[in-house]
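Note that this note's numbering has the sequence shown beginning at 60, numbered continuously upward. Each residue gets a CB set at the ideal place from its N, CA and C atoms; glycine is no exception. Read the structure below first, then the notes.
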Amino acid sequence: MFSPDSYRLTDKLFEEHPELKDRTDASHAKPVASNVFSRYPEIFFDEKPQDGEDYIQIYGRLSGERVYKFVKRLYVAEHANLDK
Numbered sequence: 060m061f062s063p064d065s066y067r068l069t070d071k072l073f074e075e076h077p078e079l080k081d082r083t084d085a086s087h088a089k090p091v092a093s094n095v096f097s098r099y100p101e102i103f104f105d106e107k108p109q110d111g112e113d114y115i116q117i118y119g120r121l122s123g124e125r126v127y128k129f130v131k132r133l134y135v136a137e138h139a140n141l142d143k
């Protein structure tokens with residue numbers, strides 16, 4: 060079992076999108092928490108973009124519903140359970 064806070068966003072996200080840094084305090088910026096889809100909507104997509112980048116699909120909540128979203132793999136830190 061893994062804690063929900065064990066999934067983290069990477070520094071690469073904030074290098075490519077510095078405008079996202081001010082959305083929350085530093086301690087809450089990187090955890091992939093339940094509100095991550097609404098906190099950083101610019102990086103999540105309903106359909107997998109066909110832009111040559113590597114994407115992963117994440118299952119989470121948005122407006123009280125469970126949804127799948129795609130995000131660039133390089134924005135999510137390596138995790139033992141990520142590809143399971």
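One Cα belongs to E78, the other to A139, and the distance between them is close to 29 Å. The beta-carbon distance between A136 and T69, rounded to whole angstroms, is 5 Å. This is short enough to meet the 8 Å contact definition. Residue Y134 holds the alpha-carbon nearest to the alpha-carbon of E74 among Y134, D142, S62.
Taking the C-beta atoms as reference points, Y127 is found nearer than 7 Å to Q116.
It is roughly 26 Å from the alpha-carbon of D113 to the alpha-carbon of A85.
Within its own chain, the residues whose Cβ lies closer than 8 Å to the Cβ of K107, once the five positions on either side in sequence are excluded, are Y114, Q116, F129, listed in chain order.
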